[in-house]
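The sequence shown maps to residues 6 to 120 in the numbering used here.
Positions of the beta carbon are idealized from the N, C-alpha and C atoms, including for glycine.
A short worksheet on the structure shown next.
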Amino acid sequence: AKQEIILASGGGYIRIADGIVECGAPDKIIQRAAVWQKFGGQSMRLAAQSWESADFSYTPKAIHSYDGSALPGQKLAIKAEDADSQTFSTSEDGKSVLMKQVDVVTDKLRFEEGK
6 AKQEIILASG GGYIRIADGI VECGAPDKII QRAAVWQKFG GQSMRLAAQS WESADFSYTP
66 KAIHSYDGSA LPGQKLAIKA EDADSQTFST SEDGKSVLMK QVDVVTDKLR FEEGK
């Protein structure tokens, strides 16, 4: 289901929906900041990876299904609900990197190269 947030007052508004932030005003938009930085587009999921902490997180781990032993050096492809895809390798203990999230998610994980 699509979700949308609209904050409106005096004809001005901020609308957030489908990964787009839209601002509008009948007169002017004023921004006050010591520094204004503009970066390329990025989803909240990717931005969360650089945060010091996040509300939710998980660490993918590759193990043998028959004995539970770690699978080091495996390439894992993780595809998020927002269709973003990232590839990571497992360490000696079979773990990949910590995946920080802003909410509960359903990611799809698969082994690269059919291993």
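Please state whether the Cβ-Cβ distance between residue i and residue j is less than 8 Å.
{"i": "Pro77", "j": "Ser101", "result": "no"}
{"i": "Ile35", "j": "Cys28", "result": "no"}
With 16 other CB atoms within 10 Å as the buried threshold, where does residue i fall?
{"i": "Leu51", "result": "exposed"}
{"i": "Arg37", "result": "exposed"}
{"i": "Ala30", "result": "exposed"}
{"i": "Ala67", "result": "buried"}
{"i": "Ala53", "result": "buried"}
{"i": "Gln42", "result": "exposed"}
Nearest to residue i by alpha carbon, out of the options?
{"i": "Ala82", "options": "Asp112, Pro31, Val26", "result": "Asp112"}
{"i": "Leu114", "options": "Ala85, Ile10, Val107, Gly99", "result": "Ala85"}
{"i": "Glu57", "options": "Glu118, Gln8, Lys105", "result": "Lys105"}
{"i": "Gln8", "options": "Val40, Asp60, Asp23, Glu118", "result": "Asp23"}
{"i": "Gly73", "options": "Ala13, Asp89, Asp108, Gly99", "result": "Gly99"}
{"i": "Phe93", "options": "Ser70, Ser14, Glu117, Tyr18", "result": "Glu117"}
{"i": "Tyr151", "options": "Ile25, Val109, His69", "result": "In the structure displayed, the chain extends from 6 to 120; residue 151 sits before or after that span and is not available."}
{"i": "Asp60", "options": "Leu12, Val107, Ile10", "result": "Val107"}
Could you please give me the residues that DSSP links to residue i through a beta bridge?
{"i": "Arg20", "result": "Ile11, Glu27"}
{"i": "Arg133", "result": "Nothing about residue 133 can be reported from this structure: the residues present for the chain run from 6 to 120 only."}
{"i": "Lys2", "result": "No statement about residue 2 is possible, as the shown extent of the chain runs from 6 to 120 and does not include it."}
Between the alpha carbons of residue i and residue j, how many angstroms are there, rounded?
{"i": "Leu103", "j": "Gly46", "result": "22 Å"}
{"i": "Ala6", "j": "Ile19", "result": "Unreliable positioning characterises Ala6 in this predicted model, as indicated by a pLDDT of 42, which lies under 50. A coordinate reading is not provided."}
{"i": "Ser136", "j": "Ile25", "result": "One cannot answer for residue 136 here, as it falls past the ends of the chain, which runs 6 to 120."}
{"i": "Ser13", "j": "Ser55", "result": "In the sequence under discussion, the amino acid at residue 13 is Ala, which differs from the Ser named in the question. Those two C-alpha atoms are separated by around 31 Å."}
{"i": "Ile11", "j": "Ala75", "result": "47 Å"}
{"i": "Gly17", "j": "Val40", "result": "24 Å"}
{"i": "Gly15", "j": "Asp32", "result": "10 Å"}
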